[in-house]
Structures are given as structure tokens and as C-alpha cells.
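Asker:
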Amino acid sequence: MKAPQRALLLVGSPKPSESSSESLGVYLLEELEKRGVATQTLHVTKAVRNEESVEELRAAATSADLIVLSFPLYVDSLPAPTVRALEVLTERPVGPAAFVAICQSGFPEVDHNEVAIEICRNFAHDAGVEWAGGLILAAGGMIGGQPLRKLQGRMRSAIKSLDLTAEALAAGSPVPEEAVRLMAKPPIPKFGYRFMANWGWRSQFKKRGQGSSLKDQPYA
Amino acid sequence: MNADPTGAALLMDGRRDDDPTLALAHDALVDGLAAGGWAVDDWTLRDDKIAWCAGCFKCWTQTPGVCAHHDGGGKVAERWVPSDLIVLLTPVTFGGYSSELKKALDHVIPILQPFMQKRHGETRHPQRYERRRDLLVVGTVPSGQARGPEAATFRRLVERNTRNMQPPRWAVGVLETGASDWEVRAAVGSLLAEVGASPARDAVNAVRSEVVA
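From first to last, the protein sequence lines are chains P and A. Quick note: to get my numbering, add 846 to the position in the first sequence (first position is 1). Quick note: to get my numbering, add 5 to the position in the second sequence (first position is 1).
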């Protein structure tokens, strides 16, 4: 791959705000900007809304020489609007560009996300763009949709991973192995994450829950 | 468990266009299920307006088990839960499901509870309901690619799904576009037999072809 001049971030989260996928992608793009790369960001839910927005998506992808897709894991793979955006990008040639995927999930193990990254690599092949690597973040709930720069302590491995990734991509190299390893490092022990998550669900239900229990079976 | 090949089958048809092989597979599935005595809920997803799942988790924390939005997404759990067999039909899309099928599948999370538990070395969400559904997934790839990388990814994806959905029985098949009606029917019959949905298991296994890898 060559050193990019224009990078496009596709935010694959359907959430309208407080998206952890967006936090990760935005941080990477800011680091690329610092290294002289022009950037643009599109949210896939808006990009696939109608014919006009789809054309904007195609134009943005065609003018970029680096495409970064950052998305949450939905049912073991990519969210539906993200799949739709990728379908659109294979309907007509978009390259030449390099393609990087970042997948985060609420599970504390990275294994859950591996098939999703494989799907992204297959997309790159089908779209004729160059696969430049994938990063997996487990325990994405630790970000909670906040800007990554506010979480320097808690997310230091992920930040270091994205710093290394930005440096490599800006120089025309793929995502380094060390960046993959750092991103995969759990921010906290898995049992602690599960405990916090379960406490969080109960707490949210106490505040706003309308049923009798988190275990309600409305269709039984 | 479906010891007798009768019950309620939900067929979620994720075709994006009129691909002839998927059309053959659809008809073979409907015919095979009907022959096995199943009541089939045949759901062509592209005909239905189902909003993207917003990932708000209100179906876990505010209205447990029910999608909190009135945008079509709630129909998925409502039709999924009372079924005994789930059948997914899709063009294999980069090794995954089509956006049409995925727009519905993203809405299945209300069938799980939000809690996180360690199970077989990985974190899982417990099932909300005791009832389990068998799972049959049929995808199509271009001719000559049934053993290619996207078909392999597709099988891994379905296997991943089964870890979360915990079907008692499941099967996945990859058909190549351009397969004949006979080949598709033989392959679909074999897959239905794998999940106990067809009474003719031995017969269809005997005519197993190269179409399904």
C-alpha cells in the first residue's frame, strides 16, 4: 500500500450518539490528521438512507485512498446497515484504496469478533481494495461512547494500539502486529468486567425498567 | 426438541433480488417443510419495513424481552420465540448474511437476558426462554465457490451463532448459484433431515450431491 492522502472513516454503529466504535475511529483519524492525512467521516446509517446518500458514500469511498471501518459486533458479525454499506461499495469499483477494520464488542474476549473481521477481509477482496488489517477490542463497554482521549488510563493499550496503527498507515504500511496485540489486551480482568456489566444492567433496570424483572418472558 | 417432524417453522428469507438458485432453495424449503408436517411462517424480509436495530439495549433494561421501538423490529422476537425451527436463507455476503436478513437478525437479542456468564470458556448471555429452536441456515455463493473462503467464513459464522442461540440441532449448507432444481432439492432435503425436519433422512442422504460442501 502507499502512504494515504485522504482517509475515510465509516462509523458502522447504528447508535445516533455515544458510540464506542465512533470513539475508536475518530481517535485514529485524528492521529492520521496529525500526520498530514486529510479525513472525512460518514455514518453508515445515514449513508445508506437513500439514493442520494448512497452516491455520496460511493464518491467518498472513491476519492479516499484509505478507508477505515469502525463498528460494533452485532449477533456475531457486522450490524445490518454496515453490511448494506459494504454491499453498496461492491456494486461499483471504489479502489484503489487500503481498507482497515476495527471491531469492538461488549464481550470481554476477542474471539467473538474474529468472524466479523474475516467478513471485512472478504469484503476487501470482493471490492478490490487492499486489506491493511483488523483490530479487535473486547470489553468495549469500558469506553461507553466517550472520547478516547478522556480515558487515557483505562484505555491506554487501545490508545497505544491506535497510535502505532496511525503511524504505520500514514507511512503506507499495514496495521502492525503489535497494534493488534495491544488492542486485544483486556482493559480489566474478565471476571471484573462481567461483574460490572451485570451490576450495570440491574442498575439500569431499577431506574427505568417497566417489567417485573430482567428475566421477563413476554412471549412465553 | 422436535422428535416428531412437526411443529412451527419460521423461514426468514433474506433474498435481496430474484436470484434463481435462492428462489429454488426457498421453494424446496417450503415444500420440504410442508411435506414434513410443519406449519411454515414464510417471511420475505425485503417486503417488510424493519428498522435497523439501534443498539439501545432497551429490550434488555427497560422492556425486558420486547423491542422498545415501534418500527417493525419487535416482530422478530415475537415470531422467533414460539417457533420450533428457524430457517435462514441468504446470499452469502462476504461470508456473512445479506443486509436484508441481518436487519432482522439484529433484532433477536431480546431472546437473551443481558447478564454475562462464563460458559465453556467464553462469556455468554443466558437464554431468556427455556424453549430451544433447531436452526437451519442455507446460503448461496457463486458457481465454483462452495469450498472457497467466503463459504468457510459463513460456516464459521453459523457455528458462532449456535454458541449463542444454543439450538438442539443445527445444520448449514452452501449452494452454488446455477445448481439445478434437482440438486437444490436434494441438498435442501439432506439439510432438513440433519435437523430432524424431514422424515426421509436416509433417502435424501443417499442422493447427496457435490452441491453442498
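The C-beta atom is built at its ideal place from N, Cα and C for all residues, glycine as well. This one's a predicted model, so the numbers in the text were calculated from it and none came from an experiment.
#1: Are any of the Cβ atoms in chain P nearer than 8 Å to that of D89(A)?
#2: I need the straight-line Cα distance from E83(A) to R881(P), nearest angstrom please.
#3: Straight-line CA distance for T182(A) to W43(A)?
#4: To the nearest angstrom, how far is it from the Cα of H74(A) to the Cα of I116(A)?
#5: When you check each C-beta in the region 986-1015 of chain P against every C-beta of chain A, which residues fall closer than 9 Å?
#6: State yes or no: is the beta carbon of S148(A) nearer than 8 Å to at least one beta carbon in chain P?
#7: Please list the terminal residues of the continuous alpha helix (DSSP H) segment that includes R1002(P).
#8: Closest Cβ-Cβ distance between G12(A) and chain P: below 8 Å?
#9: Taking only runs of the beta strand (DSSP E) that begin and end inside the region 906-981 of chain P, which ones reach a length of at least 3 residues, in chain order?
#10: Mapping DSSP to helix, strand and coil, what is I114(A)?
#11: Determine whether the Cβ of Q67(A) lies closer than 8 Å to any Cβ atom of chain P.
#12: In this structure, how does DSSP classify M847(P) when only helix, strand and coil are distinguished?
#13: Which residue or residues does DSSP assign as beta-bridge partners of R124(A)?
#14: Taking 8 Å as the CB-CB cut-off, is W48(A) touching chain P?
#15: Buried or exposed: I91(A), going by 16 or more other Cβ atoms within 10 Å of its Cβ?
#16: Between which two residues does the beta strand (DSSP E) carrying E1025(P) extend?
#17: Contact between the region 30-40 of chain A and the region 112-130 of chain A is defined here as three or more beta-carbon pairs at a separation below 8 Å; is this criterion met?
#18: Quick check: is the beta carbon of M6(A) nearer than 8 Å to any beta carbon in chain P?
#19: Let me confirm a value: G1055(P) is counted as buried when at least 16 other C-beta atoms fall within 10 Å, else exposed. Which label applies?
#20: In the DSSP output, which residue or residues are listed as bridge partners for A884(P)?
#21: Can you pull out the residues from the region 1050-1064 of chain P whose beta carbon lies closer than 9 Å to at least one beta carbon of chain A?
#22: Pull up the distance between the alpha-carbon of S916(P) and that of G100(A), whole angstroms please.
#23: Is the CB of K892(P) under 8 Å away from at least one CB in chain A?
#24: Within its chain, find whatever has a CB closer than 6 Å to the CB of V212(A); leave out the 5 residues flanking it on each side and keep chain order.
#25: Checking contacts by CB at 8 Å: is C58(A) closer than that to chain P?
#26: What does D922(P) reach in chain A if we use C-beta pairs closer than 8 Å?
#27: Let me see if you follow: with CB-CB separation under 8 Å, is G144(A) close to chain P or not?
#28: Can you name, in chain order, every residue of its own chain whose Cβ lies under 8 Å from the Cβ of D1009(P), other than the five neighbours on each side?
Answerer: From the atom records:
#1: Taking the first residue of the second sequence as 1, we reach residue 89(A) at position 84. Cβ-Cβ to chain P under 8 Å: no for D89(A).
#2: Residue numbering aside, residue 83(A) sits at position 78 when the second sequence is read from its first letter. Residue numbering aside, residue 881(P) sits at position 35 when the first sequence is read from its first letter. Going by the C-alpha atoms only, they are around 51 Å apart.
#3: For the purposes of this step, residue 182(A) is taken as residue 177 along the second sequence, with counting starting at 1. For the purposes of this step, residue 43(A) is taken as residue 38 along the second sequence, with counting starting at 1. T182(A) and W43(A): Cα-Cα distance of roughly 27 Å.
#4: Your numbering for residue 74(A) matches position 69 in the second sequence. Your numbering for residue 116(A) matches position 111 in the second sequence. Near 16 Å, if we compare the C-alpha coordinates of I116(A) and H74(A).
#5: Result list empty, no residue passes.
#6: On the second sequence, residue 148(A) is found 143 positions in, with the first residue counted as 1. No, S148(A) lies away from the interface with chain P (no Cβ there is under 8 Å from its Cβ).
#7: Position 156 of the first sequence, counted from the first residue, corresponds to residue 1002(P). Note, R1002(P): alpha helix (DSSP H), R1002 to A1016.
#8: For this step, residue 12(A) is matched to residue 7 along the second sequence. No, G12(A) does not count as interfacial toward chain P.
#9: You should have 912-918 and 944-950.
#10: Translated into positions along the second sequence, residue 114(A) becomes position 109. Looking at I114(A) - three-state DSSP - the assignment turns out to be helix.
#11: The residue you call residue 67(A) lines up with position 62 of the second sequence. Yes - at least one Cβ of chain P is within 8 Å of the one on Q67(A).
#12: Mapped onto the first sequence, residue 847(P) falls at position 1. For M847(P), the secondary structure class from DSSP, reduced to helix, strand or coil, is coil.
#13: Start at 1 with the first residue of the second sequence, and residue 124(A) comes out as number 119. Looking at the DSSP assignment, R124(A) forms a beta bridge with E127(A).
#14: The sequence position of residue 48(A) within the second sequence is 43, counting from 1. For W48(A), no Cβ of chain P is located within less than 8 Å of the residue's own Cβ.
#15: Within the second sequence, residue 91(A) is the residue found at index 86, counting from 1. I91(A) should be labelled buried.
#16: Walking along the first sequence from the start, residue 1025(P) turns up at place 179. The identity of residue 1025(P) in the sequence shown is Ala, whereas the question assumes Glu. Note, A1025(P): premise wrong, no beta strand (DSSP E); alpha helix (DSSP H) at E1023 to A1030.
#17: As far as the Cβ criterion goes, the region 30-40 of chain A does not touch the region 112-130 of chain A, which means the pair count is below three.
#18: The count along the second sequence starts at 1 and reaches residue 6(A) at position 1. The predicted model places M6(A) with a pLDDT of 44, which falls under 50 and marks its position as unreliable, so this point remains unresolved.
#19: Locating residue 1055(P) in the first sequence gives position 209, where the first residue counts as 1. When all chains shown are included, G1055(P) counts as buried.
#20: For the purposes of this step, residue 884(P) is identified with residue 38 of the first sequence, where counting begins at 1. Paired residues: R852(P).
#21: The residues in question are Q1050, F1051, K1053, R1054, G1055, Q1056, G1057, S1058, S1059, L1060, K1061, D1062, Q1063 and P1064.
#22: By 1-based counting over the first sequence, the position of residue 916(P) is 70. By 1-based counting over the second sequence, the position of residue 100(A) is 95. Whole-angstrom Cα-Cα distance: 18 Å.
#23: Working through the first sequence from its first residue, we reach residue 892(P) at position 46. By the rule that beta-carbons nearer than 8 Å mark a contact, K892(P) does not touch chain A.
#24: For the purposes of this step, residue 212(A) is identified with residue 207 of the second sequence, where counting begins at 1. With a pLDDT of 40 at V212(A), under the threshold of 50, the predicted position of this residue should be treated as unreliable, and no value is reported.
#25: What you label residue 58(A) is simply residue 53 of the second sequence in a count that begins at 1. Against chain P, the CB of C58(A) has a partner CB under 8 Å away; the residue lies at that interface.
#26: Start at 1 with the first residue of the first sequence, and residue 922(P) comes out as number 76. For D922(P), the chain A residues whose C-beta falls within less than 8 Å of its own C-beta are L162, R165, N166 and N169, listed in chain order.
#27: Along the second sequence, read from residue 1 onward, the residue named residue 144(A) stands at position 139. It does not; no Cβ of chain P falls within 8 Å.
#28: Against the first sequence, residue 1009(P) aligns to sequence position 163. So the qualifying residues of the chain are E877.
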